[in-house]
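Structure, as structure tokens:
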Amino acid sequence: MKHVSLTLREPPERRNDMHTFIVETPGYEETALLAWNDSRPDLDVFLFRVVGPIEPYRDAIAEPAFVREYDLTPIDDDSFYAYVENEPRDVDVEFQAAFTDNRVLSVPPIVFDADGSTRARVVGESSALESVVADIPDDIDLTIEEIGEFDAPWRAPATLTDRQRETLEVAFDSGYYDLPRAGSIEQIADRLDVAPSTASNHLRKAERALVAQYLGE
510 MKHVSLTLRE PPERRNDMHT FIVETPGYEE TALLAWNDSR PDLDVFLFRV
560 VGPIEPYRDA IAEPAFVREY DLTPIDDDSF YAYVENEPRD VDVEFQAAFT
610 DNRVLSVPPI VFDADGSTRA RVVGESSALE SVVADIPDDI DLTIEEIGEF
660 DAPWRAPATL TDRQRETLEV AFDSGYYDLP RAGSIEQIAD RLDVAPSTAS
710 NHLRKAERAL VAQYLGE
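Structure, rendered in structure tokens:
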């Protein structure tokens, strides 16, 4: 069994309105698609984790005509869950066909970044993955980031933002978790080019998310 990791960039006129919203609105980092149901031709159901303020998003998601229902639930001060039911647009159906018409599985999360890109990982046989890549619509810029055996240990869908994950990686590499501790918050902040308070905040939130996931909270 093989996997391929993809980065896709849709032209602005094709992009979903809510992805465009996080691209154009300061304060948003990413939207992670955690689960979905597209078994009905007239309705897609999604569960997202959005990193950013909830109220501007609530105002924005009420506007697109294709959104039928939605429910937003805060996680913490900086993120929330979004349950969304929407009618698939023609461009959505065209894009989804690259995956549904081939014998593959998308591995969550699918991440919609504030820079306009989308990151996805797909598993299946080599020939099916090749078909997915070939069937992506021509107006979508596609980069293959990684391809190989799908043999990594299974992990639950990530609950960390890219910034939190980067902060953890830098902290570990700096010796912050060594015994005795070799790195400091200030060193982590220097490497990330952020204030120590910001680095500390990212680190605490990442640690809390990982502990909560481990404890099943």
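Sequential numbering of the sequence shown, starting at 510, is according to my numbering.
The beta carbon of each residue, even a glycine, is placed where N, CA and C say it ideally should be.
When secondary structure is reduced to three states using DSSP, Thr582 falls in the strand class.
When beta bridges are read from the DSSP output, Gly657 appears opposite His512. Taking the Cα positions, Pro597 is about 12 Å away from Ala606. Setting aside the 5 residues that flank it on each side, Ala569 is surrounded in the same chain by Phe530, each with a C-beta closer than 6 Å to its C-beta; the list follows chain order. When DSSP states are grouped into helix, strand and coil, Glu634 belongs to the coil group. Pairwise C-beta distances place the stretch 559 to 569 in contact with the stretch 530 to 547, as three or more of them are shorter than 8 Å. Residue pairing of Val616 in beta bridges, as defined by DSSP: Arg630. Sixteen is the threshold: since fewer than 16 other Cβ atoms of the shown chains lie within 10 Å of the Cβ of Leu688, the residue is exposed.
In the pairwise beta carbon analysis, the stretch 610 to 621 is classified as not touching the stretch 571 to 580: fewer than three pairs are separated by under 8 Å. Annotated three-state conformation of Val720 is helix, per DSSP. Under a 10 Å Cβ-count criterion, Ser548 is classified as exposed, with fewer than 16 other Cβ atoms of the shown protein chains found around its own Cβ. Boundaries of the beta strand (DSSP E) around Asp553: 552 to 560.
In the three-state reduction of the DSSP assignment, Glu639 falls in the helix class, which pools H, G and I. About 18 Å separates the beta carbons of Pro520 and Asp644, which is beyond the 8 Å limit, so they are not a contact pair. Taking a C-beta distance under 7 Å as the contact criterion, His512 and Phe659 qualify as a contact pair.
The beta-carbon separation of Leu515 and Ala623, rounded to 18 Å, does not stay under the 8 Å limit for a contact. With 16 or more other CB atoms across the displayed protein chains lying within 10 angstroms of its CB, Phe608 is buried. Distance from Ser683 to Gln696 at the Cβ level is roughly 5 Å; contact confirmed, criterion being Cβ atoms closer than 8 Å. If you compare the alpha carbons of Ala698, Glu594, Leu669 with that of Val679, the shortest gap goes to Ala698. For Leu677, the uninterrupted alpha helix (DSSP H) run begins and ends at 671 to 682, by DSSP.
In the three-state reduction of the DSSP assignment, Arg713 falls in the helix class.
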